[in-house]
Amino acid sequence: MKNVNFIYPNGTHALKNISLNVDKGEFLAIMGQNGAGKTTLIRTLNGLLRPSKGVIYIEGEDISLKTVATLSKRVGIIFQNPMHQLFSNTIEDELKFSLKNLGLNKEEITVNINTFLEKFNLSKYRDRSPLNLSGGESKKLAIASIICRDPRILVFDEPTLGQDAKEIKFFIDLINHELTKNKTIVVVTHNVEFTIEYVPRTVLMAQGKIIADGPTKDVLSNEILLKESSLIMPQVYQLKNELKNIGFDIPEEIYRESDMINFLSSYLKQIKLDEDNN
Ligand SMILES: Nc1ncnc2c1ncn2[C@@H]1O[C@H](COP(=O)(O)OP(=O)(O)OP(=O)(O)O)[C@@H](O)[C@H]1O
Ligand SMILES: [Mg+2]
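All residue numbers for the sequence shown refer to our numbering, where the first residue is 7 and numbers rise by one.
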């Protein structure tokens, strides 16, 4: 994105001179307070919104003259509210619709539908209306209906919101699988614990601007930036700071929950050993 601006018809200047470069195969998070412009930004990526000023390139091509239909084959966006993108009578039809216009024959479409229903654990609901699914299930269907089209760029708006631990695990496995296929993945989220654990790069937005862009471990440990974005520091950092305050020597490279658990358990084991020896 090069100097992208977007102004809604009511005058809200939602994107202010956004310049952002994302390489093929990258996995990044876009974070920031409510109303920062995150959803607006991702809506410009497949032409649902067109910049008031500035240029967007997808795979090196200026997208300003490309249709939403063309762009959505390359950029799959899974929106915040899955109900806004599900409209078929049954779950099977939802996937059938998604798989249209991709040049697949009838048999291939059937095989694909079955594979994705199975993979997303939705087979038992195939004849059910998307309206009659739980929040988490409808989110999964929304993801399935985009991923089955195999777009090279995947964009998720708030994927972990309202998901239980098992679904978040399913989601992260899915992302890791897509990353092995060299897909580019963008996740919009308020979930700092998710980002610090899994996402290597973080872009922070506030009031329509990018206020930080860098390795997640740097961005999410910066108190001033976090405050500006109404985010709470990841628990690992909070603990790290507390431990430092009381004189502990914590290695700098600890920034994941699992790192901290390993560090603390070997530290405590050593204390126990010393105690037992005395
Ligand atoms: N359809 C619209 N018409 C007018 N203004 C809008 C519209 N949609 C969003 N806005 C405004 O644009 C700004 C950016 O909104 P956007 O939805 O992009 O924020 P966001 O970062 O996704 O927030 P959240 O974290 O709450 O989802 C906000 O001030 C919002 O009120
Ligand atoms: Mg949003």
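Think of the CB as a built atom: it goes at the ideal place given N, C-alpha and C, for glycine as much as any other residue.
query                                                                                                                                            : result
What would DSSP say about E67, mapped onto helix, strand or coil?                                                                                : strand
Flag this pair as touching only if the stretch 243-261 and the stretch 205-214 have three or more C-beta atom pairs under 8 Å; answer yes or no. : no
Would you mind sorting V74 into buried or exposed? The rule is 16 or more other CB atoms within 10 Å of its CB.                                  : exposed
For F93, is the classification buried or exposed, using 16 other Cβ atoms within 10 angstroms of its Cβ as the cut-off for buried?               : exposed
Who does G38 pair with in a DSSP beta bridge?                                                                                                    : M211
For a quick check, are the C-beta atoms of T45 and D163 less than 8 Å apart?                                                                     : yes
Start and end of the beta strand (DSSP E) containing T190?                                                                                       : T190 to V194
Is G168 a contact residue of ligand 1, with contact defined as CB to any heavy atom under 7 Å?                                                   : no
Do V192 and L226 count as a contact pair if the criterion is CB distance below 8 Å?                                                              : no
When the Cα atoms are used, what is the spatial distance from H183 to L160?                                                                      : 12 Å
From I152 to R132, what does the alpha carbon distance come to, in whole angstroms?                                                              : 17 Å
Going by DSSP in three states, G141 sits in which element: helix, strand or coil?                                                                : helix
Could you check what DSSP says for P257 in three-state terms: helix, strand or coil?                                                             : coil
Please tell me whether K146 and F122 are closer than 8 Å, where the distance is taken between their beta carbons.                                : no
Checking 8 Å against the spacing of the C-beta atoms, do I119 and K106 come in under that value?                                                 : no
What are the partner residues of V10, as DSSP defines its beta bridges?                                                                          : I24
From the DSSP output, read off the bridge partner residues of P15.                                                                               : DSSP lists no partner for P15.
Can K44 be considered in contact with ligand 1, in the sense that its beta carbon sits closer than 7 Å to one or more heavy atoms?               : yes
Would DSSP call L274 helix, strand or coil?                                                                                                      : helix
Where does V242 sit, in a helix, a strand or coil, going by DSSP?                                                                                : helix
Is any heavy atom of ligand 2 found at a distance shorter than 7 Å from the C-beta of D163?                                                      : yes
Would you give the residue range spanned by the beta strand (DSSP E) that V81 belongs to?                                                        : V81 to I84
Kindly indicate which three-state DSSP category V205 falls into: helix, strand or coil?                                                          : coil
Taking only heavy atoms of ligand 2 into account, decide whether any of them is closer than 7 Å to the Cβ of Q39.                                : no
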